[in-house]
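The structure appears below as structure tokens.
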Amino acid sequence: MQTVLRGLIYSIKKHAQESYSRNKSLGIRKMILREWKIPWEILDIVEEARQIVEQNSFKVQHVYREGNHLANIIANSAYSKSEVQENKHFEQLPANCRRILNMDKAQIASLRIKTRKIKDINN
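In UniProt numbering, the protein residues as written are 1 to 123.
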């Protein structure tokens, strides 16, 4: 929840006209949009995020894990470095990030396939 709040605050600092908070937690989205009750432990954080969303007409969306791969790579990269990292150009992104963006632009599906072992019923 703290990362969602930080992202919203960053959007305000950068004077974003329109901002989407896309996160992998459906619960966070539902709490901000007043669809679920908020646990008391995170009440202050959710209330602050909700206030920012409502005052700035930001949108909050849920993204499934498969659609969040790029965000995970960038977040992990930022977490592992002590200095602020800002990529303003496509070429500045790591190669694996550029690959994911190119797949998105080409509308190539990213599938998660689960395999399972089929038992032989004759034995």
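Don't be surprised by glycine CBs; every beta carbon is placed ideally from N, CA and C.
Since we're looking at a predicted model, the values are computed, not measured.
Practice prompt. Confirm, please, whether the CB-CB distance from Leu5 to Ile45 is below 8 Å.
Written response: In this structure, Leu5 lies closer than 8 Å to Ile45 by Cβ.
Discussion item. If I follow the unbroken alpha helix (DSSP H) through Gln55, where does it start and stop?
Written reply: That run of the alpha helix (DSSP H) goes 43-56.
Worksheet entry | Any chain D beta carbon closer than 8 Å to Val53 | Absent from the structure: chain D. Only one protein chain is present.
Worksheet item: If you count every other CB in all the chains shown that lies within 10 Å of the CB of Ala16, and 16 or more means buried, which is it?
Response: Ala16 is exposed by the Cβ-count criterion.
Worksheet item: In whole angstroms, what is the alpha-carbon distance linking Lys81 and Lys119?
Response: Approximately 47 Å between the Cα atoms of the pair.
Fill in: Residues near Ala78 in its chain [Cβ-Cβ closer than 6 Å; skip 5 each side]
Excluding its 5 nearest sequence neighbours in each direction, Ala78 has C-beta neighbours in its own chain below 6 Å: Gln85, listed in chain order.
Fill in: Same chain, Cβ closer than 7 Å to Arg98, five either side skipped, listed in chain order
These residues qualify, in order along the chain: Phe90.
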